[in-house]
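For what it's worth, the numbering used here labels the leading residue of the sequence shown as 1486, then goes sequentially.
Have a look at the structure below before the remarks.
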Amino acid sequence: MFRIAVITAAVCALCVGCSTVGKIQMRVDDMTGSKVITLDLEHTSKEKMPGLLSPRYDCLTKYAREIKPTNSEVIRVTLVTRTCVECDDITDNAIVKANDEKFEIKLVDRVVEVKTEISSTTETTHQARADGFVDYSKPGNSKTTTSSQSWKEMRGKIAITPEMKKSLLAANTITYRIYSGTNPITFDLKPEDVVKVKKLLLTDGSDIK
1486 MFRIAVITAA VCALCVGCST VGKIQMRVDD MTGSKVITLD LEHTSKEKMP GLLSPRYDCL
1546 TKYAREIKPT NSEVIRVTLV TRTCVECDDI TDNAIVKAND EKFEIKLVDR VVEVKTEISS
1606 TTETTHQARA DGFVDYSKPG NSKTTTSSQS WKEMRGKIAI TPEMKKSLLA ANTITYRIYS
1666 GTNPITFDLK PEDVVKVKKL LLTDGSDIK
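Next comes the structure, spelled out in structure tokens:
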């Protein structure tokens, strides 16, 4: 008996096909004249989710630095984290650590969504003749099975103050800490990502292609 399997899946991830991850970009608001400089980075947590053989947490950090015509600026970081459905929601407590300096701050605009990935598998079976020949031109027996997987996608925003910006620019290491209930979730930035964050905080946009 020979089997041919055709699999169709709706794959959901934090940033599927995002070619902009790791790239500093800029857009100019033609109404206000403000420059908005953005950067998306991906991280994996130190901790694992609760439960045996559980994976680590994924996080997409989305930086947005708005420079107004008056040269005043607003800097925000949006953290998007994927967790198990059973995991507690993120709290409003967060810590940004630049080298050894810690800033205890609040996550604002928190949102929690339950998302689902649906996969369907169609398996077609062809019966072989006594001599082993299989005629694939004839219809086989098909069976389709469907499965689903759900998770929580949780997000919140951090406002970067001038004091925090100064410390981040002087830092060799940057860490974000958020909490799922009382469980800590820690994201250490890679050295190359620290360099990119500093560039975003310093650039006036003239060097961005």
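The C-beta atom is built at its ideal place from N, Cα and C for all residues, glycine as well.
Computed from a predicted model, the values in this text were never measured in an experiment.
Inclusion of Arg1595 and Asp1577 in the CB contact set at 8 angstroms is warranted, their separation being smaller than that value.
By DSSP's assignment, Met1639 forms a beta bridge with Thr1566, Val1597. For Ala1583, the enclosing beta strand (DSSP E) stretches over residues 1575-1583. The bridge partners DSSP lists for Gln1634 are Glu1602. Here Ala1615 is exposed: its Cβ has fewer than 16 other Cβ atoms, across all protein chains shown, within 10 Å. Going by beta carbons, Thr1671 and Glu1527 fall outside the 8 angstroms limit. In this chain, Lys1694 is not harboured by any alpha helix (DSSP H), its DSSP state being neither H nor E. Assignment of beta-bridge partners to Pro1669 by DSSP yields Tyr1664. Nearest neighbour of Thr1629 by Cα position, chosen from Lys1642, Tyr1621, Thr1610, turns out to be Thr1610. Around the Cβ of Lys1600, a 10 Å sphere holds fewer than 16 other Cβ atoms; the residue is exposed. The three-state secondary structure of Glu1527, taken from DSSP, is strand. Taking a C-beta distance under 8 angstroms as the contact criterion, Tyr1548 and Arg1567 do not qualify as a contact pair. Assigned with DSSP and collapsed to three states, Val1559 falls in strand.
For a cut-off of 8 angstroms, the C-beta gap from Lys1681 to Leu1524 is around 6 angstroms, short enough to register as a contact. For the options Val1597, Gly1666, Thr1631, the alpha carbon positioned closest to that of Lys1642 is the one of Val1597. Gln1634 sits close to Glu1602, with the two beta carbons spaced by under 8 angstroms. Between Arg1550 and Leu1685, the CB-CB gap stays under 8 angstroms.
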